[in-house]
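Peer 1: Numbering (numbering that gives the first Met the number 0), first residue to last: 0 to 604.
Quick reminder that beta carbons are idealized off the backbone N, C-alpha and C, glycines included.
As the structure is a computational prediction, the values presented were derived from the model and not from experiment.
First the structure, then my questions, so here it is.
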Amino acid sequence: MSGPNPPRRVDVVDLLAGFSRALHSSEIASRLGVQPRQLAALGRVLDDLVADGTVVALAGHRFRLTKKERERGGDKSLEGYMTAHPRGFGFVAPLGDEEDVFVPAESMGGALHGDRVRVRIVAQTARGTEGAVVEIVDRRSPKVAGTLRRRGKSAWLEPDDTRVRGPIVLGKLDEGRDGELAVVEIVRFPESADENPEGKVVTILGDPGEPDAEVRKIIILHGVEEEHPPAAVREAEGFGSEVDPAALVGREDLTHIPLPTIDPADARDHDDAIWAEPLPEGGYRVWVAIADVSHYVAPGTALDDAARERGCSIYLPDRAIPMLPRALSADLCSLVPDKIRLCQCAEIELDATGATVRARIVEGFMKSRAKLSYEGVARALGLTSEGHRQEAAEAMRDDLRVLREISNLLRARRMRRGALDLEVPEARVVVDVDSRMPTSIERRARDPGVAKAYQIVEDLMLLANETVAELLVSKGVPAVFRNHAAPDPEKMARFAALCTRLGVAFEAEDAEDPKKLAAFAKKLRSHPQRAILDTLLVRSLKQAVYDITNVGHFGLASKAYVHFTSPIRRYPDLLVHRAVRALLRGQRLEQDEESVNLLRPSAVT
0 MSGPNPPRRV DVVDLLAGFS RALHSSEIAS RLGVQPRQLA ALGRVLDDLV
50 ADGTVVALAG HRFRLTKKER ERGGDKSLEG YMTAHPRGFG FVAPLGDEED
100 VFVPAESMGG ALHGDRVRVR IVAQTARGTE GAVVEIVDRR SPKVAGTLRR
150 RGKSAWLEPD DTRVRGPIVL GKLDEGRDGE LAVVEIVRFP ESADENPEGK
200 VVTILGDPGE PDAEVRKIII LHGVEEEHPP AAVREAEGFG SEVDPAALVG
250 REDLTHIPLP TIDPADARDH DDAIWAEPLP EGGYRVWVAI ADVSHYVAPG
300 TALDDAARER GCSIYLPDRA IPMLPRALSA DLCSLVPDKI RLCQCAEIEL
350 DATGATVRAR IVEGFMKSRA KLSYEGVARA LGLTSEGHRQ EAAEAMRDDL
400 RVLREISNLL RARRMRRGAL DLEVPEARVV VDVDSRMPTS IERRARDPGV
450 AKAYQIVEDL MLLANETVAE LLVSKGVPAV FRNHAAPDPE KMARFAALCT
500 RLGVAFEAED AEDPKKLAAF AKKLRSHPQR AILDTLLVRS LKQAVYDITN
550 VGHFGLASKA YVHFTSPIRR YPDLLVHRAV RALLRGQRLE QDEESVNLLR
600 PSAVT
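Shown next as structure tokens:
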């Protein structure tokens with residue numbers, strides 16, 4: 000260590016680890032290049048190391064590592080992502096299963112929030128594991144948004160995200176006023192804890208809070224291109240506006256099935272349609288038809304490259320940025336009424352209890368009878384008196400009742416097997432059409448009747464996703480699964496402690512059994528703080544992830560689950576459609592390591 004940098008724990012530990020004998024404090028200072036004015040800081044570091052059991056203080060101001068630290072070699076390191084705190088310190092979330100590592104401000108080095116770093120463990124304290132940054136493996140995105148500041152010839156950016164070290168020093172500027180919103184690109188990252196980044200202006204966005212400026216900021220920061228690459232657009236438009244008759248050859252004709260779509264009233268793309276009918280002997284036959292995007296977006300094409308790069312459609316308060324060009328997303332792949340459309344359809348026979356008796360997946364073509372809204376369905380079923388009546392929904396009232404019967408059966412079965420039914424409020428930003436300014440934030444589907452209409456579609460989508468997952472698993476087909484692992488015991492213990500403080504009885508061990516956890520969630524339905532408790536429980540569970548190895552879905556109490564129902568807006572669904580397509584056509588499915596690795600989430604997003 001040299002120069003003005005203050006002494007760090009990791010430097011002291013590294014130094015002592017290289018000696019079998021104890022070192023005097025003056026020798027430690029000399030070997031570390033500690034300046035006279037920094038001796039007090041070194042003394043505090045040594046005191047802290049002694050207090051937490053990392054270092055032993057001997058007579059005559061001599062110090063050495065404890066036996067435990069010597070055996071460990073003072074050399075354990077972990078790699079993970081840095082989450083910085085505005086006060087200067089940070090936490091590293093390791094890539095493995097280890098607990099987060101606390102990094103004091105003086106041990107941050109040149110690391111910034113979002114960097115992938117390697118930290119050396121220097122102590123195990125009562126607060127947990129403490130470490131120091133020894134290597135920056137990969138830098139965060141260099142683009143940072145914030146407020147432009149100008150004073151004379153000086154200019155800098157105050158980052159919006161206070162976790163990003165600032166100010167970011169800018170060179171000479173010929174544009175931009177003090178106080179405007181701007182995006183800069185870091186051109187020189189800091190190398191030590193006392194340096195700030197240096198950057199150059201990418202764009203001046205305008206006044207903070209102005210809707211267009213804020214949305215453009217989000218788009219730039221996340222590297223999103225609103226316009227699709229010209230080659231992808233040409234490929235999409237090259238299919239025309241009508242399905243090619245040649246594409247219907249070999250497909251099953253489903254045009255006799257009405258298959259309405261049910262979506263929010265303002266939806267632009269419609270990738271799923273449903274229908275059901277009761278069977279004479281009891282039970283039901285259900286059809287869940289999904290737009291066959293895999294017919295149009297083939298591997299190796301410009302369309303596929305663009306879709307893979309985006310990964311999904313992006314929904315912002317004032318606009319939607321689709322994964323696919325609009326010639327497909329809003330037209331040829333959208334299941335609009337009275338138009339022939341290609342689809343993959345799950346046809347499922349259920350018994351009177353909602354259990355699957357048999358199922359098959361077909362490549363077909365269909366013609367939707369109607370475009371229904373959740374509000375219109377809820378009104379037709381007498382679930383709500385809000386909103387306007389929808390003529391098409393009223394005409395299909397009896398058929399919608401059948402769908403609701405099935406939804407209730409499926410949901411009841413799912414709850415009995417241990418699926419979680421949690422109420423987590425979903426916010427919807429209401430934007431004024433003329434000014435494009437947000438006017439309010441509302442809970443989506445806050446009307447109970449409309450929420451039940453949502454459930455009808457949700458339950459049938461879950462049924463289709465599980466049906467396809469079971470097919471792929473039974474045939475040994477490599478695919479992208481949507482996994483949700485069992486809860487982490489430590490997080491459940493913390494949630495149990497929170498429940499105790501709120502006067503709610505919950506044992507952390509109950510989370511190990513899906514049925515017991517589901518029973519607890521059911522008890523919360525009548526609790527006045529249900530929304531808060533449900534939110535806390537969701538945050539205590541592990542996040543669902545995409546993976547090529549199936550581990551099941553804990554939250555749904557499902558042995559296998561995939562995303563099959565939204566290929567217009569999610570790339571993993573498109574990959575699942577390709578797997579189903581190959582299976583149905585008897586095509587060879589490559590299962591060598593290179594081919595399977597192409598399905599990994601790192602290759603998908």
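Applying the criterion that 16 or more other CB atoms from any shown protein chain within 10 Å of the CB defines a buried residue, is phenylalanine 18 buried or exposed?
Peer 2: So phenylalanine 18 ends up on the exposed side.
Peer 1: Could you tell me which of Tyr373, Val479 and Lys474 sits nearest to arginine 388, measuring between CA atoms?
Peer 2: For arginine 388, the nearest C-alpha among the options comes from Tyr373.
Peer 1: Alpha helix (DSSP H) containing cysteine 498: first to last residue?
Peer 2: From DSSP, the alpha helix (DSSP H) with cysteine 498 extends over 488-500.
Peer 1: If I follow the unbroken alpha helix (DSSP H) through alanine 530, where does it start and stop?
Peer 2: Note, alanine 530: alpha helix (DSSP H), 529-539.
Peer 1: What would DSSP say about glycine 630, mapped onto helix, strand or coil?
Peer 2: In the structure displayed, the chain extends from 0 to 604; residue 630 sits before or after that span and is not available.
Peer 1: Could you spell out where the alpha helix (DSSP H) holding glutamate 469 opens and where it closes?
Peer 2: Looking at the DSSP string, the run of the alpha helix (DSSP H) that includes glutamate 469 is 447-473.
Peer 1: Apart from the five residues on each side of it in sequence, which residues of its chain come closer than 7 Å, Cβ to Cβ, to aspartate 337?
Peer 2: Correct list, in chain order: Lys366.
Peer 1: Tell me the residue span of the alpha helix (DSSP H) that contains phenylalanine 519.
Peer 2: Residues 513-522.
Peer 1: Looking at the C-beta of leucine 402, does it have a partner C-beta in chain B at a distance below 9 Å?
Peer 2: Protein chains in the displayed structure number just one, and chain B is not present.
Peer 1: When you compare only the Cα positions, how much space is there between isoleucine 135 and glycine 87?
Peer 2: Their backbone Cα atoms lie some 17 Å apart in a straight line.
Peer 1: In whole angstroms, give me the CA-to-CA distance for glutamate 276 and valine 285.
Peer 2: In a straight line, the C-alpha of glutamate 276 is about 7 Å away from that of valine 285.
Peer 1: Closest by CA to phenylalanine 238, which one among Phe101, Arg412, Arg325 and Ala122?
Peer 2: Among Phe101, Arg412, Arg325 and Ala122, the Cα nearest to that of phenylalanine 238 is on Arg325.
Peer 1: Could you tell me whether the Cβ atoms of isoleucine 547 and alanine 478 are closer together than 9 Å?
Peer 2: Result yes, Cβ atoms of isoleucine 547 and alanine 478 sit closer than 9 Å.
Peer 1: Less than 9 Å separating the beta-carbons of tyrosine 560 and histidine 552?
Peer 2: For tyrosine 560 and histidine 552, yes; Cβs fall inside 9 Å.
Peer 1: Only counting runs of 3 or more residues, tell me where the beta strand (DSSP E) segments fall wholly within the stretch 302-366, in order along the chain.
Peer 2: Counting only runs of 3 or more, we get 313-315, 318-320, 339-349 and 355-366.
Peer 1: In the DSSP assignment, the beta strand (DSSP E) including alanine 272 goes from what residue to what residue?
Peer 2: Looking at the DSSP string, the run of the beta strand (DSSP E) that includes alanine 272 is 271-277.
Peer 1: Note the first and the last residue of the continuous alpha helix (DSSP H) segment covering alanine 50.
Peer 2: Looking at the DSSP string, the run of the alpha helix (DSSP H) that includes alanine 50 is 38-50.
Peer 1: Buried or exposed for glutamate 362, please, with buried defined as at least 16 other CB atoms from any protein chain shown within 10 angstroms of its CB.
Peer 2: Answer is buried; the Cβ neighbour count reaches 16.
Peer 1: Assuming isoleucine 120 and leucine 77 form a contact by the criterion Cβ under 8 Å, report the distance between their Cβ atoms to the nearest whole angstrom.
Peer 2: The pair is a contact, with the Cβ atoms about 7 Å apart (cut-off 8 Å).
Peer 1: By a C-beta neighbour count over all protein chains shown, 10 Å radius and 16 as the cutoff for buried, is tyrosine 570 buried or exposed?
Peer 2: Label assigned to tyrosine 570: buried.
Peer 1: Just the C-alpha distance for leucine 41 and proline 103, rounded to the nearest angstrom, thanks.
Peer 2: Rounded to the nearest angstrom, the two C-alpha atoms are 15 Å apart.
Peer 1: Please classify lysine 66: does DSSP put it in a helix, a strand, or coil?
Peer 2: Lysine 66 falls in the helix class under three-state DSSP.
Peer 1: Should serine 406 be labelled buried (16 or more other beta-carbon atoms within 10 Å of its own) or exposed?
Peer 2: With 16 or more Cβ atoms within 10 Å of its Cβ, serine 406 is classed as buried.
Peer 1: Within the same chain, show all residues whose beta-carbon is closer than 8 Å to that of cysteine 311, passing over the 5 residues directly before and after it, in chain order.
Peer 2: Cβ neighbours of cysteine 311 beyond the five flanking positions: Met322, Arg568, Arg569 and Tyr570.
Peer 1: If you count every other CB in all the chains shown that lies within 10 Å of the CB of isoleucine 217, and 16 or more means buried, which is it?
Peer 2: Exposed, because fewer than 16 other Cβ atoms sit within 10 Å of the Cβ of isoleucine 217.
Peer 1: Quick one: give me the first and last residue of the alpha helix (DSSP H) that serine 24 is part of.
Peer 2: Note, serine 24: alpha helix (DSSP H), 24-31.
Peer 1: Return the CA-CA distance between valine 449 and arginine 340, expressed in angstroms with no decimal places.
Peer 2: Roughly 28 Å separates the two Cα atoms.
Peer 1: Helix, strand or coil for arginine 284 per DSSP?
Peer 2: The answer is strand: DSSP assigns arginine 284 an E or B state.
Peer 1: Using the C-alpha atoms, what's the distance from aspartate 160 back to glycine 73?
Peer 2: Low local confidence applies: a pLDDT of 49 at glycine 73 is under 50, so the model's placement there is unreliable, with the coordinate-based value given in what follows. About 34 Å.
Peer 1: Where in the stretch 187-274 do unbroken runs of the beta strand (DSSP E), each at least 3 residues long, occur, reported from the N-terminal end onward?
Peer 2: Listed in chain order, the complete beta strand (DSSP E) runs (minimum 3 residues) inside the stretch 187-274 are 197-205 and 260-262.
Peer 1: In three-state DSSP terms, what is methionine 395?
Peer 2: It is coil, neither helix nor strand.
Peer 1: Give me the Cα-Cα distance between threonine 146 and aspartate 211, rounded to the nearest whole angstrom.
Peer 2: If I take the Cα positions, the gap works out to 16 Å.
Peer 1: Would you decide whether valine 54 is buried or exposed? Buried here means 16 or more other CB atoms lie within 10 Å of its CB.
Peer 2: By the neighbour-count rule (16 or more Cβ atoms within 10 Å), valine 54 is buried.
Peer 1: On the three-state DSSP scale, how would you describe histidine 138?
Peer 2: For the record, residue 138 in the displayed sequence is arginine; it is not histidine. Looking at arginine 138 - three-state DSSP - the assignment turns out to be coil, as it is neither helix nor strand.
Peer 1: Could you give the DSSP three-state label for tyrosine 295: helix, strand or coil?
Peer 2: In the structure shown, tyrosine 295 sits in coil (DSSP, three-state: anything other than H, G, I, E or B).
Peer 1: According to DSSP, is tyrosine 80 part of a helix, a strand, or is it coil?
Peer 2: Tyrosine 80: strand per DSSP, three-state reduction.
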